[in-house]
Amino acid sequence: MINKNARLYTVQVLSSLSIWITLVCCFWEIGFAQNLSPIKLGLMSFSFSGAMALFNAFMTVLVKPIYSKIIMLVTLAIDIVLYILLYTANLNKSIIYVYIFLIAACFSSVSISKDKIFEVTSLKGADASEKIFKFMRFIGPIVGGIIVEFLNFKNIMLLNVILLFLSILAVLTVENPLMNIELEKTDTKYITSDTYEKNANVFHVFLVMAFVITITIQMIDAQLVSVFHLITNVSAASFGLCIGISGIGVFLISSYFEKYFVTELFLYIGFLAMGILMIFAGSYFASHQTIPLLLIFSMFLIGGLSWQLIMTTQENIIKSISNRKKMLTLFSVIGVILILSYSLGALSSGFIVNKIGIAALYTWGGYALAITGVLGKIIVTTIFLKSN
Numbered sequence: 001m002i003n004k005n006a007r008l009y010t011v012q013v014l015s016s017l018s019i020w021i022t023l024v025c026c027f028w029e030i031g032f033a034q035n036l037s038p039i040k041l042g043l044m045s046f047s048f049s050g051a052m053a054l055f056n057a058f059m060t061v062l063v064k065p066i067y068s069k070i071i072m073l074v075t076l077a078i079d080i081v082l083y084i085l086l087y088t089a090n091l092n093k094s095i096i097y098v099y100i101f102l103i104a105a106c107f108s109s110v111s112i113s114k115d116k117i118f119e120v121t122s123l124k125g126a127d128a129s130e131k132i133f134k135f136m137r138f139i140g141p142i143v144g145g146i147i148v149e150f151l152n153f154k155n156i157m158l159l160n161v162i163l164l165f166l167s168i169l170a171v172l173t174v175e176n177p178l179m180n181i182e183l184e185k186t187d188t189k190y191i192t193s194d195t196y197e198k199n200a201n202v203f204h205v206f207l208v209m210a211f212v213i214t215i216t217i218q219m220i221d222a223q224l225v226s227v228f229h230l231i232t233n234v235s236a237a238s239f240g241l242c243i244g245i246s247g248i249g250v251f252l253i254s255s256y257f258e259k260y261f262v263t264e265l266f267l268y269i270g271f272l273a274m275g276i277l278m279i280f281a282g283s284y285f286a287s288h289q290t291i292p293l294l295l296i297f298s299m300f301l302i303g304g305l306s307w308q309l310i311m312t313t314q315e316n317i318i319k320s321i322s323n324r325k326k327m328l329t330l331f332s333v334i335g336v337i338l339i340l341s342y343s344l345g346a347l348s349s350g351f352i353v354n355k356i357g358i359a360a361l362y363t364w365g366g367y368a369l370a371i372t373g374v375l376g377k378i379i380v381t382t383i384f385l386k387s388n
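When the letters of the sequence shown are read in order and numbered with full-length UniProt numbering, they come out as residues 1 to 388.
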């Protein structure tokens with residue numbers, strides 16, 4: 001089983017490395033080097049994150065395990081064609097956003113298909129795959145930045161073709177599942193109290209808070225290139241490192257320290273920490289001509305940890321629901337919120353920056369998070385008091 005799982009791990013690592021290299025390359029070689037407008041940066045961000053969120057949900061519903069292998073093969077083949085088209089494309093044309101959107105969609109399709117196979121063959125494999133995903137979120141952009149530092153755009157597209165061709169070879173060795181019956185999985189629950197389940201209205205508050213945090217973070221991520229224009233002596237490697245640092249929270253907290261961050265209080269602390277951080281950053285941007293790179297690294301490190309603190313706490317609160325159907329329904333709602341917030345956040349960020357500037361985006365985004373954290377705490381506490 002280990003060897004069988006290793007084949008899927010290989011596909012996961014190769015395809016993940018490819019998409020992270022592509023993301024760093026596109027934002028650096030096209031977004032930064034060509035000095036794209038904030039609106040076009042938002043469109044590029046949507047082409048990545050919006051496509052992934054949309055197709056993650058779409059493929060999760062549609063893909064059946066017995067068809068996963070053929071879906072991966074077809075999708076990887078399409079992906080290779082898209083990279084060849086991107087290799088020959090005029091980077092000043094709008095068609096590149098379509099190619100990027102489809103490449104991100106292909107990555108999501110491969111990722112979900114791989115997960116579907118694990119669901120019916122190996123729960124340990126699924127768990128290991130989740131850890132690989134979190135590690136690649138951290139290390140992928142860093143490796144991508146280093147590669148972009150030394151290779152030009154066309155060579156990077158050829159490298160992606162090689163990575164995906166190797167992925168196809170790995171998929172060919174994967175045994176196709178013979179059934180669609182999922183293995184019974186036991187969720188790890190760190191919150192066993194039924195307090196939240198008895199006060200269902202608090203979930204409405206948490207869902208609103210989830211929307212606010214994700215749309216705000218997506219605005220910030222979409223305009224990272226705009227911030228890098230304010231920094232001297234930057235490089236593709238430092239750009240990739242900044243993105244990688246923001247994912248260290250996903251890797252560390254959810255992989256090793258999740259059980260320590262399941263108290264509701266951490267949810268509000270995360271909002272306040274990110275809010276105060278963004279207000280400080282916005283004020284600094286407004287009063288200085290240039291920004292030290294170390295400040296941006298520190299901001300994305302703390303921001304990434306705070307983000308994961310929030311999402312881990314919310315996830316564990318939802319897991320505390322004993323009715324599995326209701327629990328899965330709430331996670332589905334969260335999925336819809338992610339699709340909407342990622343898309344709206346990315347697309348609107350450019351218009352907002354054009355209107356009020358990058359400094360004001362950070363400042364007002366920070367106020368929105370801080371106020372949401374405080375109001376969320378007040379409303380949830382009020383609901384509990386009325387219940388008692």
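The beta-carbon is built from N, C-alpha and C at its ideal position, and this holds for glycine as well. Everything numeric in this text was worked out from a predicted model, so none of it was measured.
Which residues mark the beginning and the end of the alpha helix (DSSP H) in which D115 is found?
95 to 121
Going by the beta-carbon positions, is the gap between Q223 and S341 smaller than 8 Å?
no
Nonlocal neighbours in the same chain, by C-beta distance under 6 Å from N3, ignoring five residues either side
none
When the Cα atoms are used, what is the spatial distance from K319 to Q289?
46 Å
Quick check: what's the CA-CA separation for V11 versus I181?
23 Å
Restricting to Cα atoms, I'd like to know which of I191, L91, S16 is closest to C26.
L91
Buried or exposed: N257, going by 16 or more other Cβ atoms within 10 Å of its Cβ?
First, the residue type needs correcting, since residue 257 is Phe and not Asn in the sequence shown. Its Cβ having fewer than 16 others within 10 Å, F257 is exposed.
Separation of K134 from I356, as counted between CA atoms
35 Å
So, does the region 140 to 156 touch the region 22 to 37, judging by three or more C-beta pairs under 8 Å?
yes
Under DSSP, the alpha helix (DSSP H) around V63 begins and ends at which residues?
Unbroken run through V63: none, as it is neither H nor E.
Taking DSSP as the reference, what is the three-state secondary structure of I371?
helix
Which residue marks the beginning of the alpha helix (DSSP H) containing G50, and which one marks its end?
Looking at the DSSP string, G50 is not in any alpha helix (DSSP H), and its letter there is neither H nor E.
Are there 16 or more other CB atoms within 10 angstroms of the CB of S18, so buried, or fewer, so exposed?
buried
Residues near K64 in its chain [Cβ-Cβ closer than 8 Å; skip 5 each side]
K116, N180
Quick one: residues in its chain with C-beta nearer than 7 Å to the C-beta of T372, no 5 flanking neighbours on either side, listed in chain order?
M209, V212, F271
Buried or exposed for S113, going by 16 or more other Cβ atoms inside 10 Å?
buried
Verify whether the separation of the beta carbon atoms of D194 and S387 is less than 8 Å.
no
Please report the residue range of the alpha helix (DSSP H) in which K326 lies.
324 to 356
Around the Cβ of I378, are there at least 16 other Cβ atoms within 10 angstroms (buried) or fewer (exposed)?
exposed
Going by the beta-carbon positions, is the gap between Y99 and L86 smaller than 8 Å?
yes
Which value, in whole angstroms, describes the spacing of the CA atoms of L328 and I317?
13 Å
In the DSSP assignment, the alpha helix (DSSP H) including V208 goes from what residue to what residue?
201 to 222
Quick check: the Cα distance between S45 and L385, rounded to an integer number of angstroms?
42 Å
Where G376 and S122 are concerned, what is the direct C-alpha to C-alpha distance, given to the nearest angstrom?
39 Å
Using the Cβ count rule (16 or more neighbours within 10 Å means buried), how would you classify F351?
exposed
Tell me which residues share the same chain as T75 and place their Cβ nearer than 6 Å to its Cβ, disregarding the 5 neighbours each side in the sequence.
C106, S109, V110
Is the number of C-beta pairs between the region 230 to 246 and the region 128 to 146 that are closer than 8 Å three or more?
yes
Given that a residue counts as buried once 16 or more other Cβ atoms are within 10 Å of its Cβ, and exposed if not, what is Y260?
exposed
Between H229 and the rest of its own chain, which residues show a CB-CB distance below 8 Å, the 5 nearest in sequence each way excluded?
F32, N35
Nearest-angstrom Cα distance between A51 and T173?
28 Å
Which of helix, strand or coil does DSSP assign to T290?
coil
Extent of the continuous alpha helix (DSSP H) run through S246:
236 to 246
Kindly list the residues whose CB is nearer than 8 Å to the CB of L295, restricted to its own chain and excluding five residues on each side of it in sequence; keep chain order.
A281, Y284
For A128, which residues from the same chain have a beta carbon less than 8 Å from its beta carbon, with the 5 sequence-adjacent residues on both sides left out?
N5, Y9
Run of the alpha helix (DSSP H) containing F27, from where it starts to where it stops
Segment: none, F27 is in no alpha helix (DSSP H) and carries neither H nor E.
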